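A quick write-up on the structure given underneath.
There are 2 protein chains.
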Amino acid sequence: MNSKKAVERQTGVALWRQIADLIRLAISNGEYDKTGMVPPEMMLAGQFGVNRHTVRSALAALAEEGLVQAIQGRGTMVRRKERLSFPISRRTRFSQGLSDQTRDLEARLLAHAVVPATGEIATGLGIPPGMPCIEVEALSSADGRPVSCSTSYFPQARFPGMAQHFAQLGSITKAFAAEGLADYVRVSTELVARHADANELSLLRLSPGAIVIEATAINADPDGVPVQFARTRFAADRVKLKIET
Amino acid sequence: MNSKKAVERQTGVALWRQIADLIRLAISNGEYDKTGMVPPEMMLAGQFGVNRHTVRSALAALAEEGLVQAIQGRGTMVRRKERLSFPISRRTRFSQGLSDQTRDLEARLLAHAVVPATGEIATGLGIPPGMPCIEVEALSSADGRPVSCSTSYFPQARFPGMAQHFAQLGSITKAFAAEGLADYVRVSTELVARHADANELSLLRLSPGAIVIEATAINADPDGVPVQFARTRFAADRVKLKIET
DNA sequence: TATGGTTGTCTATATTAATAGACATTTCGG
DNA sequence: CCGAAATGTCTATTAATATAGACAACCATA
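If you're matching them up, the sequences are chains Z and H in order. In this text, residue positions in the first sequence follow this note's numbering: the first is 1, and each later residue adds one. In this text, residue positions in the second sequence follow this note's numbering: the first is 1001, and each later residue adds one.
Right under this line is the structure:
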């Protein structure tokens, strides 16, 4: 499996970036776990069929991300390797099931507003179009690195203080509890992968061309009444979604 | 929302590719549905803050994908905008649930071999490493456009004729039936999104920089014994995954 | 049929990405 | 303490990307 990996030219994506993506992938696949080091620059240059300087550009980008660290005379070592594994199931909770993978998990309220429910959101929440909803923008980070940003909608009539509770508690589950909803389940999830837009690039601190996985989900109370319409964008190279059926 | 959209320089991703990605996104979001036309090149150049020639490079790439078509004197029209919706559930079948979205659905055997089970595959199938498995490479297309390619592993001892059956029947479900397995269920699915590699680009007829969603799944018989380890790569801009819990 | 708006094509130039080579600096092991 | 192996830095050159401007070809329509 150590043969030459493919990079293509004249594709609008610089070679150093393609190589950085491949090395990032190799790191998260654990290919360098044995030594904890990235192979020497000359060896990588040989594998990818490019000049050593091109490899250096790729490694510099990864160092900038904090993924690797080069030490003169020794080599380049892997500092971090992870795709956080997100469980997606009937009882999906953001914070649960992640606590064993990372120490510091944080969800931050970015903005909130009251907006009328439009077509897709009204349908998802099962309410008439035009009904007021609380829109909540949030950013979730693990160990200081953003992993996802989300836009959620809650029916205002039922959960008037959702935004405030979430801002204080930093958790949707806890905010629901504060609103008197002890339990809820995931009823539908749709996934799409696409390139990140400008807003996502800056929020998630990604570089252009990066990928996001967009999950559109509906949560409902135990009686099956929808309580949340959420659109979460994950930084694709930081997560793995684990579907439990 | 029609103000200037963000493209960034010196990021390793050429401006024309960033712009192509943004236009592709706008098309799939239905932003040009009213007229069926992409805005004039000069207008796009203004929106993105780049030269007209740069926009032309982006549009040329999209025309190459068959997404738009330019007509001299008139403008550039949208030719295609769609994502197939794939159901993912405990009873995931490729062909089922898609027949209402597309007329012509096809799965083709690309290659097959007998290989020893390695770590991940052996673990997934619950067999000792080194046991022989049948490896099957397949390509699935809808209406002549490839949507996914997959690599599957079946324990040879139990399903010796899997490759032949699949080649003849064009369906995993039918091939299992021919091997005497009437029913099976999905026990785990993991999703990752990443840039397509060279092999995937050519198989799925994608343009460089395109995204694939990689689903690593295990199917088991009704007794819970794993029967298939599959890694399916979907062309991300052609599909939507619908998770049913 | 004249005109304005659009895509198509050409030339020229500047900036960025990639290759090539040389050599310095640091680390580690014999 | 020497030498092999690794990263760091510099110069020079070529290829790809981006900008700029001019004008041709074509379409719709007033």
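Beta carbons are placed, not taken as given, at the ideal position from N, Cα and C, and that holds for glycine. These numbers were taken from a predicted model, which means no experiment stands behind them.
- At a C-beta separation below 8 Å, Z/A14 has these neighbours in chain H: G1012, V1013 and A1014.
- In the DSSP annotation of this structure, the continuous segment of the alpha helix (DSSP H) that includes Z/S57 starts and ends at R52 to E64.
- Judged by beta-carbon spacing, Z/S140 lies within the 7 Å limit of Z/A107, meaning their Cβ atoms are closer than that value.
- For the C-beta of Z/D21, the chain H residues within less than 9 Å are, from N- to C-terminus, R1194 and H1195.
- For the C-beta of H/K1242, the chain Z residues within less than 9 Å are, from N- to C-terminus, S188, T189, E190 and L191.
- A straight line joining the alpha-carbon of H/P1132 with that of H/T1123 spans about 13 Å.
- The closest CA to that of Z/D183, considering only Z/E65, Z/R158 and Z/N219, is found on Z/N219.
- As summarised for the stretch 1143-1214 of chain H, the continuous alpha helix (DSSP H) elements at least 4 residues long and confined to that stretch are 1162-1169, 1172-1178 and 1198-1203, given in chain order.
- Any Cβ of chain Z closer than 7 Å to the Cβ of H/R1017 would place that residue at the interface, and such an atom is present.
- Here the C-alpha atom of Z/L67 lies approximately 43 Å from the C-alpha atom of H/F1166.
- Annotation for H/T1054: L1015 and W1016 place their beta carbon closer than 6 Å to its own, counting only its chain and skipping 5 residues before and after.
- For the stretch 163-177 of chain Z, the beta-carbon criterion of a distance under 8 Å to any beta-carbon of chain H is satisfied by none of its residues.
- Contact check for Z/T118 against Z/R231 fails: the beta carbons are separated by 7 Å or more.
- Between Z/T35 and Z/L59, the C-beta spacing is not below 7 Å.
- Listed by position along chain H, the residues whose Cβ is nearer than 9 Å to that of Z/S207 are E1008, T1011, G1012 and V1013.
- Counting along the chain, Z/G119 sits inside the alpha helix (DSSP H) bounded by residues G119 to L125.
- When Cβ-Cβ separations below 7 Å define contact, Z/A236 makes contact with chain H.
- Closest in alpha carbon position to Z/G161, among Z/F176, Z/V147, Z/S148 and Z/G170, is Z/F176.
- H/R1052 and H/G1046 have their C-alpha atoms roughly 8 Å apart.
- Between Z/P222 and Z/G126, the C-beta spacing is not below 7 Å.
- Nearest C-alpha to H/A1193 among H/K1174, H/A1210, H/L1206 and H/R1009: H/A1210.
- Excluding five sequence positions before and after Z/R79, the CB atoms of its chain that fall closer than 8 Å to its own CB belong to G66, L67, V68 and Q69, given in chain order.
- For Z/I211, a Cβ of chain H is located within less than 7 Å of the residue's own Cβ.
- The residue among Z/A198, Z/G12 and Z/L241 with its C-alpha nearest the C-alpha of H/E1008 is Z/A198.
- Residue burial is scored here from C-beta neighbours: H/V1239 has at least 16 other C-beta atoms within 10 angstroms and is therefore classed as buried.
- Residue burial annotation: H/S1148 is buried, with at least 16 other C-beta atoms found within 10 angstroms of its C-beta.
- H/D1033 sits exposed, since fewer than 16 C-beta atoms from the chains shown fall within 10 Å of its C-beta.
- It is roughly 21 Å from the alpha-carbon of Z/F229 to the alpha-carbon of Z/L204.
- At the C-beta level, H/A1157 and H/I1134 stay beyond 7 Å of one another.
- Listed in chain order, the non-local C-beta contacts of H/I1023 below 7 Å within the same chain comprise V1038, A1058 and L1062, local neighbours out to five positions each way being set aside.
- By the Cβ-count criterion, Z/I71 is exposed, with fewer than 16 other Cβ atoms from all chains shown falling within 10 Å of its own Cβ.
- Sixteen is the threshold: when 16 or more other Cβ atoms of the shown chains lie within 10 Å of the Cβ of H/R1233, as they do, the residue is buried.
- Closest option to Z/T189, judged by alpha-carbon separation, among Z/E200, Z/F48 and Z/I243: Z/I243.
- If you draw a straight line from the Cα of H/S1028 to the Cα of Z/M42, it comes to about 42 Å.
- Per DSSP, reduced to three states, the secondary structure at H/S1089 is coil, with no helix or strand assignment.
- H/E1135 sits in a strand when the DSSP states are folded into three classes.
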